[in-house]
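Enquirer: Each residue of the sequence shown is one higher than the last, beginning at 38 in our numbering.
C-beta: ideal position from N, C-alpha, C; glycine also.
Just so we're clear, the structure is a prediction, and the values are computed from it rather than from any experiment.
Handing you a structure now.
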Amino acid sequence: MMSYSVYDLKQFYSRRAGRLVRRLLSSHIRELWPDVKGLDIMGYGYAVPYLRSFQEESANAYAVMTASNGVHFWPEDQGRKGLVCLSTEAELPFATESLDRILVVHGLEHAEMPEALIHEFWRVLKSNGRLLMVVPNRLGLWSRVDWTPFGHGTPYSYKQIIRHLHENRFSTERKEKALFMPPFRSFLVLRTAYTIESFGRFIFPGLAGVHLIEASKQIYAGIPKGKAEKVRGQRILIVDPLPT
38 MMSYSVYDLK QFYSRRAGRL VRRLLSSHIR ELWPDVKGLD IMGYGYAVPY
88 LRSFQEESAN AYAVMTASNG VHFWPEDQGR KGLVCLSTEA ELPFATESLD
138 RILVVHGLEH AEMPEALIHE FWRVLKSNGR LLMVVPNRLG LWSRVDWTPF
188 GHGTPYSYKQ IIRHLHENRF STERKEKALF MPPFRSFLVL RTAYTIESFG
238 RFIFPGLAGV HLIEASKQIY AGIPKGKAEK VRGQRILIVD PLPT
């Protein structure tokens with residue numbers, strides 16, 4: 038399937054179903070990361086709906102969007118400086134060990150080079166940093182419908198994600214599953230979403246819409262020769278808002 042553009046993603050999260058998805062996933066994310074005071078956070082993929090709750094607490098919250106999906110200005114508050122850029126998977130525009138947290142949403146499933154991307158996450162994270170990935174479940178219903186962004190790109194099983202992480206020197210810390218409600222737009226389903234979410238993890242955990250996996254760096258692993266001193270000289274795009 039073709040990737041959603043950032044404008045498709047933005048439109049999804051502006052609708053009733055998308056707003057509900059944001060609230061459900063945000064509650065899981067904040068349970069895993071309740072305190073981000075003074076931390077530098079990067080959201081990769083299309084994480085801006087979930088970065089908003091971190092803006093006031095964190096030292097900095099940056100949005101990095103993918104070349105496959107495109108980019109739009111963020112944050113959208115009038116008069117605020119743009120904190121978004123477009124980046125390739127193999128060269129993130131951050132210094133080595135400069136970030137405390139990386140949140141990945143609508144990112145891994147669109148990566149053409151997932152190994153290179155996760156290697157870059159390892160490079161830019163501080164030694165005590167944490168990576169949190171929200172990835173469509175290959176067995177879930179949400180990966181099978183294309184009116185949501187979770188139905189685009191390549192969904193993953195839990196074991197596939199763990200393998201990618203371990204091969205790139207990450208250790209798994211915590212895991213969650215979310216989006217147990219079926220991907221229907223009916224008012225009844227949306228109204229009962231919180232009830233379904235509360236018992237879904239116990240009754241049909243394998244059908245969750247997404248995996249949430251938190252990982253930390255394996256700092257004892259050696260850095261490949263030549264990687265530590267590599268200078269990142271790519272040109273990045275900082276987007277200004279369109280005139281109204």
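A245 and K214 - do their beta-carbons sit closer together than 8 Å?
Expert: Within the sequence shown, numbered from 1, the residue matching residue 214 stands at position 177. Within the sequence shown, numbered from 1, the residue matching residue 245 stands at position 208. Yes, the pair counts as a contact, with Cβ atoms nearer than the cut-off.
Enquirer: Can you tell me which residues form a DSSP beta bridge with T209?
Expert: For the purposes of this step, residue 209 is identified with residue 172 of the sequence shown, where counting begins at 1. DSSP, once it has assigned bridges, lists A252 as partnering T209.
Enquirer: Can you give the beta carbon distance from Y50 to R60, rounded, assuming they're within the 8 Å contact cut?
Expert: Position 13 of the sequence shown, counted from the first residue, corresponds to residue 50. Position 23 of the sequence shown, counted from the first residue, corresponds to residue 60. About 11 Å; that fails the 8 Å criterion.
Enquirer: Rounding to the nearest angstrom, what Cα-Cα distance links W283 and P130 in this structure?
Expert: Given a span of 38 to 281 for the chain in the structure shown, any question on residue 283 remains unanswerable.
Enquirer: Does DSSP put S194 in a helix, a strand or coil?
Expert: The residue you call residue 194 lines up with position 157 of the sequence shown. If DSSP states are grouped into helix, strand and coil, S194 belongs with coil.
Enquirer: Please name the residue in K212, T232 and A84 whose C-alpha comes closest to that of L249.
Expert: Residue numbering aside, residue 249 sits at position 212 when the sequence shown is read from its first letter. The residue with the shortest Cα to Cα distance from L249 is K212.
Enquirer: What does DSSP give as the partner residues of A310 in its beta bridges?
Expert: With the chain covering only 38 through 281, there is no way to say anything about residue 310.
Enquirer: I'd like to check one pair, E210 with S253: are the Cβ atoms closer than 8 Å?
Expert: Stepping through the sequence shown from its first residue, residue 253 is reached at position 216. Stepping through the sequence shown from its first residue, residue 210 is reached at position 173. Their beta carbons are under 8 Å apart, which means S253 touches E210 by this criterion.
Enquirer: Quick check on this structure: which residue in R67, Y231, F241 and G237 has the alpha carbon closest to the alpha carbon of R138?
Expert: For the purposes of this step, residue 138 is identified with residue 101 of the sequence shown, where counting begins at 1. Here the closest residue by C-alpha is R67.
Enquirer: Name the two residues that bound the continuous alpha helix (DSSP H) containing P86.
Expert: If you number the sequence shown from 1, residue 86 lands on position 49. V85 to L88 is the extent of the alpha helix (DSSP H) around P86.
Enquirer: From this set, I256, V73 and D183, which residue's C-alpha is nearest P220's C-alpha?
Expert: Your numbering for residue 220 matches position 183 in the sequence shown. Among I256, V73 and D183, the Cα nearest to that of P220 is on D183.
Enquirer: Please return the same chain residues whose Cβ sits closer than 6 Å to the Cβ of I78, not counting the five positions on each side in sequence.
Expert: The residue you call residue 78 lines up with position 41 of the sequence shown. Here the set comprises F91, S95, A98 and R138.
Enquirer: From the DSSP output, in three-state form, read off K47 for me.
Expert: For this step, residue 47 is matched to residue 10 along the sequence shown. K47: helix per DSSP, three-state reduction.
Enquirer: With DSSP as the reference, please indicate the residues paired to I155 in a beta bridge.
Expert: The residue you call residue 155 lines up with position 118 of the sequence shown. DSSP, once it has assigned bridges, lists no residue as partnering I155.
Enquirer: To the nearest angstrom, how far is the alpha carbon of M170 from that of E134?
Expert: Here residue 170 refers to the residue found at position 133 of the sequence shown. Here residue 134 refers to the residue found at position 97 of the sequence shown. Looking at the two C-alpha atoms, the distance is approximately 18 Å.
Enquirer: Kindly indicate which three-state DSSP category P242 falls into: helix, strand or coil?
Expert: Here residue 242 is taken as the residue at index 205 of the sequence shown, counted from 1. The answer is helix: DSSP assigns P242 an H, G or I state.
Enquirer: If we call anything under 8 Å between Cβ atoms a contact, is R200 one with W159?
Expert: In the sequence shown, the residue the question calls residue 200 occupies position 163. In the sequence shown, the residue the question calls residue 159 occupies position 122. No, the Cβ-Cβ distance between R200 and W159 is not below 8 Å.
Enquirer: Exposed or buried, what is Y81 when buried is set at 16 or more other beta-carbons lying within 10 Å of its beta-carbon?
Expert: The count along the sequence shown starts at 1 and reaches residue 81 at position 44. Per the 10 Å Cβ criterion, buried.
Enquirer: What whole-angstrom Cβ distance do Y41 and P173 have, given they're in contact under 8 Å?
Expert: The count along the sequence shown starts at 1 and reaches residue 41 at position 4. The count along the sequence shown starts at 1 and reaches residue 173 at position 136. About 12 Å separates the two Cβ atoms, so there is no contact after all.
Enquirer: Please state the DSSP three-state secondary structure of A258.
Expert: Counting from one through the sequence shown, the residue named residue 258 turns up at place 221. A caution first: A258 carries a pLDDT of 48, below 50, which makes its placement in the model too unreliable to give a value.
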